[in-house]
Amino acid sequence: MSSSPYRSPSSQELARRRQYLKEKRRFTFYRTAWRAIAMLGFTAGILWVARSPIWLIRSAEQIVVSDNQILSDENIQALLPVPYPQSLLQVQPDDLAQSLETYKPIESALVSRRLLPPGLHVRVRERVPVALAVPDTTRPLKAISNQPEPFREPGLIDAQGYWMPRNSFQELGAMTHSPPLTVKGMQASNRSSWQSMYVSLQRSPVKITAVDWTQPSNVVLQSELGEVHIGPYGRNFEAQLAALDKMRSLGSKVNPEKVAFIDLQNPDNPVIEILQANNQSSAESSAESSAEQLP
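Each position in the sequence shown, counted from 1, maps to that position plus 125 in the numbering used here.
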């Protein structure tokens, strides 16, 4: 009968094995203990730093504001709900940013801690008003609301069509002036159209001071050349502005006081409506005769 390839460990081997396991347990214990002591020391250090006068925000002067155009640094500092003095490590930057974004003039905000010197850095993106929004007064109100209703009362709009109450900046302490452009009758549904329209208006060589959107089927512009009817806003808008630019010599050919409006619904065939003696616009035949004088 063959002998087994495995043999029982000797007493010396068992003793060495027990000694090895004992030392391993001792090492594991000391390592765990040192980790616990290190964590306690780190936590104590954090608490000391948090309570140290060195890391306190004592006043708004330790808050740096950047990227603001209309609101002053002081305006934005006053909006931050930071009780002074406040530990820098107890400040929650995300909460402060969300608090700033609740104000309509502020589109977005980013708040970060600054260790040296201790303080905060606030970056803001404002909603810059580019036009005064005037409601369509011919549309009756369904109900009187205690809250501002977008596009149902006078307000301000930015380049993206975001509406805000007219006194939004003044309530935050900022000094502003009314935008040079007025938009009447715009609705929330026109926001996407407004975004592209405003870009075109910015590039227009002819100054436009007002847009009347009361009748979407016939948008009316107030320009330095007079009243302009463009029909529904659409793809021809830039071509209509280009056609209007070509009519700069209109004053030398037609008495501006006799012009009722310029019809640019077809930019390839602009038409001038002439006032009659009774201040009513002329008939189609008169308009056609005037159109012949256009360049």
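Glycine included, every Cβ here is placed at the ideal spot set by N, Cα and C.
No experiment lies behind these values; they were computed from the predicted model shown.
Look up residue i in the DSSP assignment and give the residues it is bridged to.
i: A258; result: G280 and V308
i: M300; result: Note: M300 sits in no beta bridge, so no partner.
i: F386; result: E398
i: L245; result: I188 and R238
i: I333; result: S348
i: V207; result: For V207, which the question treats as bridged, DSSP gives no partner whatsoever.
i: V353; result: L346 and I387
i: E148; result: BP columns for E148 are empty, so no partner.
If you follow the alpha helix (DSSP H) that residue i is in, where does it begin and where does it stop?
i: R328; result: R316 to R328
i: Q365; result: F362 to D370
i: L204; result: D198 to L204
Can you find the residues in the same chain that come closer than 8 Å, C-beta to C-beta, to residue i, ignoring five residues on each side of it along the sequence?
i: I182; result: I188, V207, Y209, P210, Q211, S212, L213, V216, P243, G244 and L245
i: P392; result: N361, A364, Q365, A367 and A368
i: R160; result: none
i: Q320; result: A284, Q285 and G286
i: S184; result: Y209
For the beta strand (DSSP E) containing residue i, name the first residue and the last one.
i: I179; result: Note, I179: premise wrong, no beta strand (DSSP E); not H, not E.
i: Q223; result: From DSSP, Q223 is part of no beta strand (DSSP E) but of the alpha helix (DSSP H) over P218 to L225.
i: A234; result: I231 to R239
i: A313; result: From DSSP, A313 is part of no beta strand (DSSP E); its letter is neither H nor E.
i: T339; result: Taken as a continuous stretch (DSSP letters only), T339 belongs to no beta strand (DSSP E), as it is neither H nor E.
i: P134; result: It is not in any beta strand (DSSP E) - P134 carries neither H nor E in the DSSP assignment.
i: P290; result: W288 to P290
Closer than 7 Å by C-beta to residue i: which residues in its own chain qualify, once you throw out the five before and the five after it? Chain order, please.
i: S414; result: Confidence in S414 is poor, its pLDDT being 38 and thus under 50, which makes the residue's placement too unreliable to answer from.
i: E226; result: S233 and A234
i: M79; result: Shown here, the chain extends from 126 to 420; a query on residue 79 therefore has no answer.
i: E251; result: N193, Q194, I195, L196, P230, I231 and E232
i: W338; result: V308, K309, G310, M311, N315 and V344
i: R143; result: none
Would you decide whether residue i is buried or exposed? Buried here means 16 or more other CB atoms lie within 10 Å of its CB.
i: Q202; result: buried
i: P134; result: exposed
i: H354; result: buried
i: P395; result: buried
i: S317; result: exposed
i: V324; result: exposed
i: Y145; result: exposed
i: Y155; result: exposed
i: L375; result: buried
i: P254; result: buried
Could you pull out every residue in the same chain whose Cβ sits closer than 6 Å to the Cβ of residue i, ignoring the five residues on either side in sequence?
i: R248; result: S191, D192 and L235
i: P290; result: P273 and G280
i: I333; result: L326, L346 and S348
i: L91; result: Outside the displayed span of the chain (126 to 420) sits residue 91, for which this structure offers no information.
i: L221; result: L205 and V236
*Quick check: the region 378 to 395 against the region 346 to 362, are there 3 or more CB pairs under 8 Å?*
yes
*Do the region 274 to 284 and the region 251 to 259 meet, that is, are 3 or more Cβ pairs less than 8 Å apart?*
Touching, yes.
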